[in-house]
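Participant: I'd like to ask some things about the structure below.
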Amino acid sequence: MQEVTPRSSTTSVDISARGITGQEDNEGSAVNLNYTNNDSHLHGLRSNNEQNKQFVRGNNRTIKMILLTQCLAGLQFTWSVELAYGTPYLLSLGLSKSLMSLVWLAGPLSGLIMQPIVGSLSDNSKSRFGRRRPFLLVGSFLVICALICMGWTKEIVGLLFGSDSSTTILLSKWLAVFSMYLLDFAINCVQASCRAIIVDSLPPSQQEEGTAWAGRMVGIGSVVGYFLGFVNLVDIFPFFGKTQLQVLCVLASIILMASDALTCWAVHEKINTESTSSSTNALNAAYETLYSIMKAVRNLPKPVQLVCNVQFFAWIGWFPFLFYATTWVSEVHSRSTSDLSESPSDDSVGESTRVGSFSLLLYSLVSLSASFILPFLVSPVGASATAGTKFSWKQLFQLPIAFLTVPKLWTISHFIFAFSMLITWFVTSDLQASIVISLCGISWAIIMWAPFSILGEYISRESGTVGQRNYEVEENDQLIRISNDETRSELPFIDSHGGISTNCSSEAGVLLGIHNMYIVLPQFLVTFISSIIFAILEPSDEGN
1 MQEVTPRSST TSVDISARGI TGQEDNEGSA VNLNYTNNDS HLHGLRSNNE
51 QNKQFVRGNN RTIKMILLTQ CLAGLQFTWS VELAYGTPYL LSLGLSKSLM
101 SLVWLAGPLS GLIMQPIVGS LSDNSKSRFG RRRPFLLVGS FLVICALICM
151 GWTKEIVGLL FGSDSSTTIL LSKWLAVFSM YLLDFAINCV QASCRAIIVD
201 SLPPSQQEEG TAWAGRMVGI GSVVGYFLGF VNLVDIFPFF GKTQLQVLCV
251 LASIILMASD ALTCWAVHEK INTESTSSST NALNAAYETL YSIMKAVRNL
301 PKPVQLVCNV QFFAWIGWFP FLFYATTWVS EVHSRSTSDL SESPSDDSVG
351 ESTRVGSFSL LLYSLVSLSA SFILPFLVSP VGASATAGTK FSWKQLFQLP
401 IAFLTVPKLW TISHFIFAFS MLITWFVTSD LQASIVISLC GISWAIIMWA
451 PFSILGEYIS RESGTVGQRN YEVEENDQLI RISNDETRSE LPFIDSHGGI
501 STNCSSEAGV LLGIHNMYIV LPQFLVTFIS SIIFAILEPS DEGN
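The numbering of the sequence shown is full-length UniProt numbering, which starts it at 1 and goes up by one.
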């Protein structure tokens with residue numbers, strides 16, 4: 001415990017290992033800092049912070065993390081519906097595979113456009129409801145509209161133009177394509193808001209924990225989504241629709257609405273009182289954001305550039321897997337049932353897609369399990385260097401494994417994925433297809449963790465001191481820096497609800513933005529290549 005006393009009379013503030021609080025922290029030892037100011041400026045600042053602060057409701061830290069991040073579970077459930085049923089549904093409407101691959105441009109296009117624009121607009125938002133929540137709710141409403149439009153495309157067009165005309169068939173295709181584009185753009189709006197509200201609500205020391213909880217929620221959303229996609233929901237919820245897709249769209253709308261509403265209730269956002277951009281025009285601010293990212297691409301640090309290069313080529317393989325896995329399993333199932341001369345059911349799309357959803361359910365379970373287990377097997381940064389280079393079989397039975405680092409594990413994941421894709425040529429049954437898809441779950445868990453871990457370690461190591469600090473208190477190897485500005489004394493404030501008024505490093509945002517570009521750009525390349533391949537290889541009868 002250290003005491004810093006810059007001047008005369010005293011105002012007491014407690015600082016614990018959790019942050020700066022207005023009272024004793026039961027989870028950590030407190031450091032008492034006595035500040036004095038004759039005009040009681042600090043007391044007035046604290047009163048203002050109590051009225052305009054950001055915090056998350058909850059009885060304990062775990063509950064707060066769940067309430068903060070569970071909006072991503074509802075969003076991932078919605079995305080799993082699109083991944084599992086989007087492609088088979090478009091094919092059932094008579095859309096060719098070559099044209100369908102162009103429809104999936106909506107994913108990378110919306111990611112490239114929506115996330116930076118929504119981020120810039122919300123950064124500068126002065127809404128009394130907060131910066132992120134209005135975009136979160138509006139985006140969720142658009143997602144629900146897109147889901148309803150996608151599930152009832154034929155019914156909507158038939159109600160307006162009749163059900164037995166060539167115009168109806170053509171308009172059904174266009175409406176389905178429009179709903180897919182609207183869904184992708186709206187999902188990216190919600191995702192950008194969810195990620196930003198997590199960053200806003202947590203201090204830097206809890207960002208890693210928040211990201212881990214976000215990953216768990218994404219895994220849970222995938223598991224629930226693919227499980228419900230496998231179950232015959234028409235028999236359970238006949239009042240929600242006549243097809244599997246319709247019932248899933250209704251359930252996804254309900255779950256998304258409930259999860260987002262709960263997060264909006266749990267998070268009390270700090271109202272933005274001044275714009276963070278030098279531009280008064282929000283669109284110009286978005287343009288400046290994109291321009292700054294493109295300018296930074298040319299000066300990427302070598303470790304970041306290497307990660308981005310690997311991601312670029314890795315996502316050439318991952319993008320078609322994510323969007324065509326269900327279709328591939330469904331086609332394997334259709335071929336196997338046709339060989340047995342089984343009569344097709346009324347909802348043949350739903351039946352074959354449920355088989356694909358079961359494979360993706362196994363894939364999600366494997367991925368979720370791997371995301372919990374694999375971090376315990378990997379050696380901490382620098383451990384392998386000090387352990388020596390001589391290999392010993394005993395190392396395989398010691399946790400963590402001495403020679404296994406995050407980059408090596410990431411490399412292994414690429415070989416696992418490549419092997420899985422090669423053996424698809426020899427798959428002839430549903431069981432074999434499910435095993436191949438499940439094996440990819442290991443690689444997916446690693447690719448969702450390893451590159452971000454490498455980038456985070458680099459950013460943390462290279463981060464410099466922010467601002468000029470006059471008083472420094474060091475306890476438990478943590479440095480707390482407090483600015484002493486007589487005209488604007490701003491003390492970072494975290495109350496008992498876990499609120500904070502400081503922001504994360506801008507360098508991390510730029511590097512992660514560039515990293516996202518290297519994930520999005522290969523998806524455009526794969527889309528055009530897929531269009532050419534399907535145009536050459538697909539049957540002349542587009543209904544097959």
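Ideal Cβ positions, reconstructed from N, Cα and C, are used throughout, including at glycine.
Note down the Cα distance separating Trp425 from Arg335, rounded to an integer number of angstroms.
Facilitator: 14 Å
Participant: Expressed to the nearest angstrom, what Euclidean distance is found between the alpha-carbon atoms of Leu362 and Cys145?
Facilitator: As the crow flies, the alpha-carbon of Leu362 is around 30 Å from that of Cys145.
Participant: Taking the continuous alpha helix (DSSP H) assigned at Phe141, which residues delimit it?
Facilitator: Arg133 to Gly151
Participant: Pick out whichever of Leu537, Gly221 and Thr527 has its Cα sitting closest to the Cα of Ala106.
Facilitator: Thr527
Participant: By DSSP, does Thr36 sit in helix, in strand, or in coil?
Facilitator: Residue placement at Thr36 is flagged as unreliable, the pLDDT there being 43, under the threshold of 50; a coordinate-derived value is accordingly withheld.
Participant: Tell me, please, whether the segment 130-147 touches the segment 218-225 by the rule of three or more beta-carbon pairs shorter than 8 Å.
Facilitator: no
Participant: Excluding the 5 residues flanking Tyr518 on each side, which residues of the same chain have their C-beta closer than 6 Å to its C-beta?
Facilitator: If you ignore the 5 residues before and after Tyr518, its C-beta comes within less than 6 Å of the C-beta of Cys308, Gln311 and Phe312, all in its own chain and listed in chain order.
Participant: Could you pull the start and end residues of the alpha helix (DSSP H) that Glu82 belongs to?
Facilitator: Unbroken alpha helix (DSSP H) run through Glu82: Cys71 to Ser92.
Participant: What do you reckon, are the CB atoms on Ser379 and Leu404 nearer than 9 Å?
Facilitator: yes
Participant: Would you identify the three-state DSSP class for Val355, choosing helix, strand or coil?
Facilitator: helix
Participant: Can you give the Cα-Cα distance for Ser122 and Leu136, rounded to whole angstroms?
Facilitator: 10 Å
Participant: Could you work out which residue in Gln244, Pro303, Ile437 and Val223 is closest to Ser364 when comparing CA atoms only?
Facilitator: Val223
Participant: Out of Trp449, Met150 and Asn124, state which residue places its alpha-carbon closest to the alpha-carbon of Thr78.
Facilitator: The shortest C-alpha to C-alpha distance from Thr78 to any of Trp449, Met150 and Asn124 is the one to Met150.
Participant: Taking only three categories from DSSP, how would you classify Val267?
Facilitator: Here Val267 sits in strand by DSSP.
Participant: Locate the alpha helix (DSSP H) running through Pro407, then write down its first and last residues.
Facilitator: Val406 to Leu422
Participant: Quick one: residues in its chain with C-beta nearer than 7 Å to the C-beta of Ser278, no 5 flanking neighbours on either side, listed in chain order?
Facilitator: Reliability fails at Ser278, whose pLDDT of 48 lies under 50, so the model's placement of it is uncertain and the value that follows must be treated cautiously. Cβ within range, chain order: n/a, list empty.
Participant: Could you give the distance in angstroms between the alpha-carbon of Gly317 and the alpha-carbon of Ser127?
Facilitator: 41 Å
Participant: Going by the CB atoms, is the gap between Val103 and Met180 shorter than 9 Å?
Facilitator: Taking 9 Å as the Cβ cut-off, Met180 and Val103 qualify as a contacting pair.
Participant: Sort out for me which residues DSSP pairs Val56 with in a bridge.
Facilitator: Val267
Participant: How about the segment 61-68 and the segment 247-254: do they share at least three Cβ pairs that are nearer than 8 Å?
Facilitator: Counting Cβ pairs under 8 Å, fewer than three are found: no touch.
Participant: Mind checking Phe239: buried by the 16 CB within 10 Å criterion, or exposed?
Facilitator: Per the 10 Å Cβ criterion, exposed.
Participant: Ordered along the chain, which non-local residues of its own chain (more than five positions away) have a Cβ less than 6 Å from that of Leu431?
Facilitator: none
Participant: List the endpoints of the continuous alpha helix (DSSP H) containing Leu105.
Facilitator: Looking at the DSSP string, Leu105 is not in any alpha helix (DSSP H), and its letter there is neither H nor E.
Participant: I'd like the ranges of any alpha helix (DSSP H) spanning at least 4 consecutive residues and lying wholly in the segment 153-233.
Facilitator: Here the runs fully enclosed are 153-161, 166-201 and 207-230.
Participant: In angstroms, rounded to a whole number, what distance separates the CA positions of Leu368 and Tyr226?
Facilitator: When only Cα atoms are considered, Leu368 and Tyr226 end up about 13 Å apart.
Participant: What's the gap between the Cα of Ala192 and the Cα of Arg298?
Facilitator: 25 Å
Participant: Out of Ser172, Leu75 and Val138, point me to the one whose CA is closest to Arg195's CA.
Facilitator: Of the listed residues, the one whose Cα sits closest to Arg195 is Leu75.
Participant: Nearest-angstrom Cα distance between Lys270 and Ile198?
Facilitator: 13 Å
Participant: Taking just the CA atoms, how far does Asn60 sit from Gln23?
Facilitator: Model confidence at Gln23 stands at a pLDDT of 37, short of 50, so the residue's coordinates are unreliable; what they give is reported in the following sentence. Whole-angstrom Cα-Cα distance: 16 Å.
Participant: Report the three-state DSSP secondary structure of Val427 (helix, strand or coil).
Facilitator: coil
Participant: What residue from Leu439, Ser125, Leu83 and Ile435 has the CA that sits closest to His414's CA?
Facilitator: Leu439
Participant: Between Ser165, Gly162 and Pro320, which has its C-alpha nearest Phe534's C-alpha?
Facilitator: Pro320
Participant: Alpha carbon to alpha carbon, how far is Asn124 from Leu160? Give it in angstroms, no decimals.
Facilitator: 41 Å
Participant: Whose C-beta lies closer than 8 Å to the C-beta of Gln305 among residues of the same chain, with five residues either side of it excluded?
Facilitator: Closer than 8 Å at the Cβ level, and outside the excluded window around Gln305, lies no residue.
Participant: With a Cβ-Cβ cutoff of 9 Å, do Leu511 and Leu300 count as a contact?
Facilitator: Yes, these two residues count as a Cβ contact at 9 Å.
Participant: Would you mind stating whether Ala445 and Ala325 have Cβ atoms separated by less than 9 Å?
Facilitator: no
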